[in-house]
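K.L.:
Going line by line, the protein sequences match chains A and B. Each step along the first sequence adds one to the number in the numbering used here, with nothing skipped, and position 106 is 106. Each step along the second sequence adds one to the number in the numbering used here, with nothing skipped, and position 7 is 1007. Ideal Cβ positions, reconstructed from N, Cα and C, are used throughout, including at glycine. Only a predicted model underlies this, so the values are computations on that prediction, with no experimental measurement involved.
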Amino acid sequence: MGKLFTSLALLFMSFTYVQTSVAAQAQSNCEKVLPAVKIQEGIYVRPSNNGIVFEDEDIANIGFIVGKKSIAVIDTGGSIHEGKRLICQIKKVSDLPIRYVINTHVHPDHTLGNGAFDDTEITFIGHKNLAHAMGVLSKTYLRRYNEKTGESVSDKTIILPKTSVENELKIDLGNRIITLIATQKAHTNNDLMVHDQKTDTLWLSDLLFHKHIPVFGKSGSINGWLEVIEEIKNKSVKNVVPGHGPLMLDKVKASNDQSRYLTLLRDEIRKNISTDADLTEAMESIGVEEKSNWEMFSAFHKRNISYIFSELEWE
Amino acid sequence: MRVKLFIIFLLSLSLSPALAETKKRPVPTESIESQNSVWNDMLKDFYFEDKTIIESDEIFDFAVPYRAEDGAMVPIKITPKIPQTKERYIKKIWIIIDKNPKPLAGTFKFSPLNGKADLAMRIRVDAYSPVRIVAETSDDKLYMVSHYVKSSGGCSAPASSDAATALKRLGKIRLKTPKISSFFEEPVQTRLAISHPNTSGLQKDQVTTLFIPPHYISKIEVKFEGESIFSAETDISISENPNFKFYFVPKKAGTLVTEITDTKGNTFTQSRKLEASTN
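1) Output, in chain order, the set of chain B residues within a Cβ distance shorter than 7 Å of G135(A).
2) For G1071(B), decide whether its Cβ has a neighbour in chain A, counting only Cβ atoms nearer than 8 Å.
3) Between the alpha carbons of T111(A) and V1074(B), how many angstroms are there, rounded?
4) Give the secondary structure of T1165(B) by DSSP, where H, G and I count as helix, E and B as strand, and everything else as coil.
5) Suppose you measure from the CA of P97(A) to the CA of G1106(B); what does that come to, to the nearest Å?
6) Any idea what DSSP makes of I1076(B), helix, strand or coil?
7) Going along the chain, which residues of its own chain have a beta-carbon closer than 6 Å to the beta-carbon of T163(A), five neighbours each way excluded?
8) Could you name the residues of chain A that S1151(B) contacts, counting a contact when the two beta carbons are closer than 9 Å?
9) Does the contact criterion of 3 or more C-beta pairs under 8 Å hold for the stretch 1268 to 1278 of chain B versus the stretch 1139 to 1156 of chain B?
10) Looking at C-beta atoms only, is the number of pairs between the stretch 243 to 250 of chain A and the stretch 1163 to 1176 of chain B that lie closer than 8 Å three or more?
11) G1115(B) and P1187(B) look like a contact to me (Cβ under 8 Å); what is the Cβ gap, rounded to whole Å?
12) Cβ of T199(A) within 8 Å of Cβ of K233(A)?
13) Within a Cβ cutoff of 6 Å, which residues of the same chain sit near Y1216(B), ignoring the five residues on either side of it in sequence?
14) Do you know how far the Cα of E82(A) is from the Cα of G113(A)?
15) Who are the neighbours of T140(A) on chain B, taking C-beta pairs under 8 Å?
16) As an exercise, report each continuous alpha helix (DSSP H) stretch of at least 4 residues that is fully enclosed by the stretch 51 to 99 of chain A, in chain order.
17) Reducing DSSP to helix, strand and coil, say where M193(A) ends up.
18) For E230(A) and T1209(B), I'd like the C-alpha separation in whole angstroms.
19) Please confirm whether H105(A) and S205(A) have their CB atoms less than 8 Å apart.
20) Which partner residues of V1125(B) appear in the DSSP bridge assignment?
21) Name the chain B residues whose beta carbon is nearer than 7 Å to that of W314(A)?
22) Which of the three DSSP states, helix, strand or coil, is assigned to T149(A)?
23) Determine the direct distance from the alpha carbon of C30(A) to that of S21(A), and round the result to whole angstroms.
24) Give a yes or no on whether 8 Å exceeds the smallest Cβ distance from K1204(B) to chain A.
25) Apart from the five residues just before and just after L1043(B), which ones in its own chain have a Cβ nearer than 7 Å to its Cβ?
26) Which residue from Y307(A), E313(A), E295(A), R303(A) puts its Cα closest to that of G51(A)?
27) Exposed or buried, G217(A), counting other C-beta atoms within 10 Å across all chains shown (16 or more means buried)?
28) Can you name the residues of chain A whose CB is closer than 8 Å to the CB of K1077(B)?
29) Looking at V1134(B) and P1065(B), is the spacing between their C-beta atoms short of 8 Å?
30) Going by alpha carbons, who is nearest to G63(A) out of T157(A), E121(A), K84(A)?
31) What's the gap between the Cα of S1111(B) and the Cα of Q1084(B)?
32) Could you round the C-beta distance between K1077(B) and A1120(B) to whole angstroms and report it? I think they count as a contact, below 8 Å.
33) Closest to K251(A) by C-alpha separation, out of E166(A), R260(A), A131(A), V240(A), would be which residue?
34) Does any residue of chain B bring its CB to less than 8 Å from the CB of A26(A)?
35) Among residues of its own chain, excluding the 5 on either side of K1092(B), which ones have a beta-carbon nearer than 8 Å to its beta-carbon?
36) What are the start and end residues of the beta strand (DSSP E) that includes N239(A)?
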């Protein structure tokens, strides 16, 4: 009898656990969230895992910079859940208000978490082309996210930038100036990098991939990206933050690796186009020798070829 | 003891949602019947009425990637298993993408002049969908092969270049054949590429965020010395900058002429002289 009572009590407890765990999930229980990685004084990154958009979570390096008065978020992740977890990670570090959300470009693993942030209190900032790009693409991203996850996230969670960066924009977070720099067409047509004066850190996001195969965005430009990488390589900054891949890196080596891969693709695709080879043949044959140099190669390499092929076919 | 195990089991179930958060998300799958439901319920009758279609790859097969790298540009390649002879040949090919907003991508006519009815192009695939090809032979029989393609958003994907650039080179045509050393009965590969945005009406303008009106190539005709060797009626499921590869048998020197018409009534032409090279 006593045994049965204990068992029933345990059973009851397990049900209450189910309920609390659902409630906790709804409030995004901060205790379970791993803290972000402090890479420099006041600069924090939620590190990336290798993964596929809509199928996996936490696939980009996202994070935040803390000043004396306020905080700027750099990219919000691929879902509202990710955005909420990022807010938890911020709260673990500082009680200062989040004043800015900076999206480095349109891709869903960097923007779909925007809805977790309160847009009445926060200024959303992006490249001058970002608002249009999000206007065109974000609903489609969200539809695909809902299809894949079975969730029903509303279009209302899409928050477009209200402040746009034409060339450069400086923001003061309180004794900490960060500079947002818009680039030419590169990874996409709406790439923005962020420079922190205090620690001389350049947050490159997807302009630089580290160990993870570089992924070419459909609106990007292969030649533009190669030029931007060259500029980055020659910049005398102390630290850089890549969009995907490990945070500890040698800037020059990572830039060279990325340039080598993209240059190979460009040159071989041009050859294929001039000899009238099929897109299928191009996708099968070009750059196979690069396979061992990159993680996630099989997931993105052929698509890179397809995108670059359509860009260069009528150049 | 058993009860305890059961409770541990329950506990593990209740914990799983929290743990699942960092794991791979489940991907919904579709049964074969539901994959083919659009065709069976609607498209078959719409395009072919009560005609009998033989589901078989004895006449031809085609290659298409199972997972599209870019839904807006999915390469397909049709490989017939019979030569184009006067006795028996493929006279017409339909390309149908079941779940596209307009499923029929195009129809393509062939004759014995082609030597072989090989055909390659790029299509838009908007959703996970069967891509099916129906071929009609000269004895009026219909054969069908279908392959399932995992793709998404191919018809609404933004164009790869901005509108201004695309407009500047609108209608530029590349009509190419390899060097021909002599004129035989051998089929020669012909590549026809047209710079055209081929807008589907489902894409949005990057600047105004309004839908771009449909504007696409609707008719293609290629003649060699006045005789038709490639004739197609095409729709929005053909990718931007359409690109076709087909064959014909040049029995003598002559001129290849193409005439292409789009939905705004523009006509684009290009010709190419075929002469045997001396080297």
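P.N.:
Taking the definition as stated:
1) T1209
2) no
3) 27 Å
4) helix
5) 57 Å
6) strand
7) T123, I125
8) In chain order: nothing, as chain A lies at least about 11 Å away.
9) no
10) no
11) 3 Å
12) no
13) N1198, I1236, T1263
14) 6 Å
15) G1153, S1156
16) 80 to 93
17) strand
18) 33 Å
19) yes
20) According to DSSP, V1125(B) bridges with nothing at all.
21) R1169, S1195, N1241
22) helix
23) Any reading at S21(A) must be qualified, since the residue scores a pLDDT of 39, below 50, and its modelled position is unreliable; the value itself is stated next. Straight-line Cα distance between these residues: approximately 12 Å.
24) yes
25) I1096, D1098, P1103
26) E295(A)
27) buried
28) D278, T280
29) no
30) K84(A)
31) 7 Å
32) 4 Å
33) V240(A)
34) Note that A26(A) scores a pLDDT of 43, beneath 50, so its modelled location is shaky and nothing firm can be said.
35) T1107, F1108, K1109, F1110, A1135, E1136
36) 239 to 244
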